[in-house]
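These protein sequence lines map, in sequence, to chains A and B. Sequential numbering of the first sequence, starting at 1, is according to our numbering. Sequential numbering of the second sequence, starting at 515, is according to our numbering. Here a beta-carbon is modelled for each residue, glycine too, at the ideal position from N, C-alpha and C. Model, not experiment: these values are computed from the prediction. Report on the structure given below.
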Amino acid sequence: MKRSSGLALFSSTLALSAAASAFAARAADPPDGITKIETVVVIFAENRGFDNLYGHFPGAEGIDKASKESLEQRDRDGSVLSELPPVWDGLTAKGVTPPVTQAMTEHLPNAPFTVNDGKGFNVPLSVATHDLWHRFYQNQMQINGGKNDMFVAWADSGAMPMSNWDASKTDMWAVAQKYVLADHFFMGGFGGSFFNHQWLICACAPYYADADKNPAKPSISVTDDSGAALKIADNSPKSVREGIPKFVSDGNLTPDFYAVNTMQPPYQPSGNDAAPGADPRLADPAKPTTLPPQTEPTIGDMLSLKHVSWAWYSGAWQYTLDHGNHTPTPNFQYHHQPFNYYANYAPGTEARREHLRDAGLAGVSFIQAIDDGALPQVSFYKPQGNLNEHSGYADIQSGDRHIADVVAHLEKSPQWPHMLVVVTYDENGGIWDHVAPPKGDRWGPGTRIPAIIISPFAKHGYVDQTPYDTTSILRFITERFELPVLHGIVVRDRTVAAHGEPPLGDLTGGLDLN
Amino acid sequence: MDADRIVALVSAAGIELTDRRRSAKGDGWSLSFSNGATVEVGDDGSARAAGKGARAVARLLDLPPAPRGR
Numbered sequence: 001m002k003r004s005s006g007l008a009l010f011s012s013t014l015a016l017s018a019a020a021s022a023f024a025a026r027a028a029d030p031p032d033g034i035t036k037i038e039t040v041v042v043i044f045a046e047n048r049g050f051d052n053l054y055g056h057f058p059g060a061e062g063i064d065k066a067s068k069e070s071l072e073q074r075d076r077d078g079s080v081l082s083e084l085p086p087v088w089d090g091l092t093a094k095g096v097t098p099p100v101t102q103a104m105t106e107h108l109p110n111a112p113f114t115v116n117d118g119k120g121f122n123v124p125l126s127v128a129t130h131d132l133w134h135r136f137y138q139n140q141m142q143i144n145g146g147k148n149d150m151f152v153a154w155a156d157s158g159a160m161p162m163s164n165w166d167a168s169k170t171d172m173w174a175v176a177q178k179y180v181l182a183d184h185f186f187m188g189g190f191g192g193s194f195f196n197h198q199w200l201i202c203a204c205a206p207y208y209a210d211a212d213k214n215p216a217k218p219s220i221s222v223t224d225d226s227g228a229a230l231k232i233a234d235n236s237p238k239s240v241r242e243g244i245p246k247f248v249s250d251g252n253l254t255p256d257f258y259a260v261n262t263m264q265p266p267y268q269p270s271g272n273d274a275a276p277g278a279d280p281r282l283a284d285p286a287k288p289t290t291l292p293p294q295t296e297p298t299i300g301d302m303l304s305l306k307h308v309s310w311a312w313y314s315g316a317w318q319y320t321l322d323h324g325n326h327t328p329t330p331n332f333q334y335h336h337q338p339f340n341y342y343a344n345y346a347p348g349t350e351a352r353r354e355h356l357r358d359a360g361l362a363g364v365s366f367i368q369a370i371d372d373g374a375l376p377q378v379s380f381y382k383p384q385g386n387l388n389e390h391s392g393y394a395d396i397q398s399g400d401r402h403i404a405d406v407v408a409h410l411e412k413s414p415q416w417p418h419m420l421v422v423v424t425y426d427e428n429g430g431i432w433d434h435v436a437p438p439k440g441d442r443w444g445p446g447t448r449i450p451a452i453i454i455s456p457f458a459k460h461g462y463v464d465q466t467p468y469d470t471t472s473i474l475r476f477i478t479e480r481f482e483l484p485v486l487h488g489i490v491v492r493d494r495t496v497a498a499h500g501e502p503p504l505g506d507l508t509g510g511l512d513l514n
Numbered sequence: 515m516d517a518d519r520i521v522a523l524v525s526a527a528g529i530e531l532t533d534r535r536r537s538a539k540g541d542g543w544s545l546s547f548s549n550g551a552t553v554e555v556g557d558d559g560s561a562r563a564a565g566k567g568a569r570a571v572a573r574l575l576d577l578p579p580a581p582r583g584r
């Protein structure tokens with residue numbers, strides 16, 4: 001496989017055009033035939049590890065191929081657990097009937113378990129289940145150098161990280177069988193949704209300047225000497241059987257002020273209202289969870305620089321701006337809108353009007369654009385909350401059916417003959433996976449996630465074992481449209497190579513462009 | 515209800531804790547969540563939800579309905 005190379009576009013707060021002309025070099029030597037792809041669509045669902053949904057997919061590296069060591073979870077002292085702890089507060093979400101209570105999850109064997117197993121809990125795919133920690137430092141502690149044996153130990157949900165589903169009857173399973181399932185695709189950053197959405201568009205860690213002199217100061221994490229794990233509090237339970245671990249400070253910021261866990265956008269829609277009397281389009285900057293506007297170059301900036309049309313389609317975006325948020329539907333998620341953290345897309349800018357688009361409720365406006373053949377050259381689609389498959393507030397079935405419906409519309413679109421669609425998840429949602437992530441830089445890659453490559457040029461019925469991460473999507477876009485290479489991609493490639501790992505691919509391993 | 519219990523119940527519903535600090539008066543905790551809700555938890559066990567996501571959080575905690583945020 002041909003790989004991109006080139007100089008980085010270094011981090012800069014300079015005007016984009018100046019930065020680009022001064023520092024950037026575009027990707028070199030794109031793969032043959034890549035220009036056959038004229039339309040790229042990225043669909044970003046929520047919080048599922050590969051083994052969680054596709055652990056029994058034929059031909060893939062699934063649970064059946066896991067070693068005994070990778071199946072067993074260890075306690076916080078490193079000893080092998082004799083059994084899993086119960087799912088604290090129960091396996092099903094509040095209000096689900098009949099519930100699977102904590103008592104019903106006692107004494108599970110130290111092994112993965114299938115939530116919808118008819119001989120077990122028999123919870124259908126249409127039911128929301130207990131959410132789990134999915135945080136930057138905990139993810140690294142759970143991966144434990146690639147052994148993946150501390151997912152239960154550093155979780156807040158007992159046995160829940162070892163859960164998986166028989167998804168073989170889902171609509172997207174059938175799509176994966178028809179096209180390409182990538183079985184070595186890893187989340188770009190460690191931890192949660194906020195951070196991995198940033199990695200999807202920027203391959204960077206957002207920054208909070210002078211955080212120690214600002215309202216966010218108490219949110220600065222305290223790490224151990226490794227810098228990759230939280231410092232454990234003196235009163236933390238020694239064993240997973242005794243409860244949730246406690247840390248000295250488990251915040252949103254690293255000790256050097258990078259934002260790695262959920263912060264709110266500085267612009268509406270944001271979880272934080274505007275300050276009294278201030279511009280109502282902004283979020284209150286004095287709130288400790290409001291991230292200052294970001295200035296790092298994004299893939300959107302690079303596309304605009306080359307006059308490539310693009311948009312971020314967000315489900316329920318305009319509804320939330322007009323009517324506020326509502327649960328359980330649409331349950332808009334403020335921190336799943338990565339461009340809304342960037343000064344280049346601030347309210348009032350032409351770039352915001354052009355590129356941050358309302359996908360409508362249940363994606364109806366996005367689907368209309370698909371049907372009309374009116375998609376820009378690059379589209380990102382973020383389903384609204386109740387359709388994103390996130391644990392706790394969404395079920396798998398609703399999101400799976402919605403995404404499969406979107407894919408069906410894409411297959412009938414006038415733009416389909418030259419289209420590439422990638423359906424993936426932002427991160428693993430705190431759920432165990434048995435494959436060790438490639439060794440990279442301080443930000444990732446993290447745990448393995450599902451990714452499906454869909455195109456008239458996709459190899460059919462194929463399992464692509466090429467190592468990928470979220471930035472592989474950016475690699476493809478960068479190569480296809482001959483864009484300047486984002487700095488984070490250059491660093492990721494160098495560090496992966498320095499660790500002796502195979503290079504991360506650009507998705508063309510799943511395509512037959514000749 | 516104490517702060518740890520509130521965090522556990524709200525987090526289990528997929529609403530992430532985003533900030534936790536002692537209240538300005540030093541008589542409890544102020545908790546912020548990813549849906550925009552804040553919960554003021556007194557050391558005496560009292561709890562009150564406010565902000566954009568307050569209704570969803572109040573339902574999870576069986577608190578009296580909170581005024582809807584914008």
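Collapsed DSSP secondary structure at residue i in the structure displayed
i, result
"A:Lys382", "strand"
"A:Gln294", "strand"
"B:Glu554", "strand"
"A:Asp469", "strand"
"A:Tyr313", "strand"
"A:Tyr393", "coil"
"A:Ser21", "Because the pLDDT of A:Ser21 is 38, which lies under 50, any placement of that residue in the model is unreliable, and the question is left without a value."
"A:Phe57", "coil"
"A:Gln264", "strand"
"A:Phe366", "helix"
"A:Phe195", "helix"
"A:Tyr208", "coil"
"B:Leu545", "strand"
"B:Ile520", "helix"
Residues that DSSP places opposite residue i in a beta bridge
i, result
"A:Asn164", "A:Thr114"
"A:Ile220", "A:Leu253"
"A:Ala182", "A:Ala451, A:Asp464"
"A:Tyr342", "A:Gln294"
"B:Met515", "The partner list for B:Met515 (beta bridge, DSSP) is empty, contrary to what the question assumes."
"A:Phe151", "Looking at the DSSP assignment, A:Phe151 forms no beta bridge with any residue, so it has no partner."
"A:Met419", "A:Thr39"
Own chain residues within Cβ distance below 8 Å of residue i, not counting five before or after
i, result
"A:Thr262", "Gly192, Ser193, Phe194, Asn252, Thr289, His335"
"A:Tyr208", "Asn214, Ala216, Leu253, Phe257, Tyr258, Ala259, Met263, Leu291, Pro292"
"A:Met104", "Gly90, Leu91, Phe121"
"A:Asp149", "Glu69, Ser70, Glu72, Gln73, Arg74"
Interface residues of chain B facing residue i [CB-CB closer than 8 Å]
i, result
"A:Lys412", "In chain order: nothing, as chain B lies at least about 33 Å away."
"A:His390", "Gly528"
"A:Tyr393", "Ala527, Gly528, Ile529"
"A:Thr262", "Glu530, Thr532, Ser548"
Sequence-distant residues of its chain with Cβ nearer than 7 Å to residue i (five each side left out)
i, result
"A:Ser249", "Ile220, Ser221, Val222"
"B:Phe547", "Val524, Ile529, Glu530, Leu531, Thr532, Gly567, Val571"
"A:Ser21", "Residue confidence for A:Ser21 is low, a pLDDT of 38 falling below 50, so the modelled location carries little weight and cannot support an answer."
"A:Gln102", "Pro86, Val87, Trp88, Asp89, Gly90"
Residue i versus residue j: straight-line alpha-carbon distance, rounded
i, j, result
"A:Asn331", "A:Trp173", "25 Å"
"A:Asp75", "B:Ala522", "21 Å"
"A:Gly59", "A:Tyr425", "21 Å"
"A:Val87", "A:Ala211", "36 Å"
"A:Met419", "A:Ile37", "5 Å"
"A:Cys202", "A:Glu296", "7 Å"
"A:Phe23", "A:Pro484", "Residue placement at A:Phe23 is flagged as unreliable, the pLDDT there being 39, under the threshold of 50; a coordinate-derived value is accordingly withheld."
"A:Leu507", "A:Asp32", "13 Å"
"A:Pro99", "A:Val240", "23 Å"
"A:Ala286", "B:Glu554", "18 Å"
"A:Arg135", "A:Thr35", "38 Å"
"A:His307", "A:Asn344", "16 Å"
"A:Leu520", "A:Asn514", "Lying outside 1 to 514, the shown extent of chain A, residue 520 of chain A is not represented and no answer is given."
Closer than 7 Å at the beta carbon, the chain A residues around residue i
i, result
"B:Ala533", "Note that residue 533 of chain B is Asp in the sequence shown, not Ala. Those are Ser219, Pro288, Thr289, listed as they occur along chain A."
"B:Ser525", "Asp131, Asp156"
"B:Leu545", "Under the 7 Å cutoff, chain A gives no residues; its nearest Cβ is about 11 Å from B:Leu545."
"B:Ala570", "Thr327"
Own chain, CB closer than 6 Å to residue i, minus 5 neighbours either side, in chain order
i, result
"A:Pro30", "Glu479"
"A:Arg357", "Ala311, Tyr313"
"A:Pro347", "Tyr267, Arg281"
"A:Asn340", "Pro265, Tyr267"
Within chain B, the residues that residue i reaches when beta carbons sit closer than 9 Å
i, result
"A:Ala93", "Ala526, Ala527, Gly528"
Proximal chain A residues relative to residue i, where beta-carbon distance stays under 8 Å
i, result
"B:Leu574", "Lys94"
Neighbour list for residue i in chain B, Cβ cutoff strictly below 7 Å
i, result
"A:Gly430", "What A:Gly430 touches in chain B: nothing, since even the nearest Cβ is about 10 Å away."
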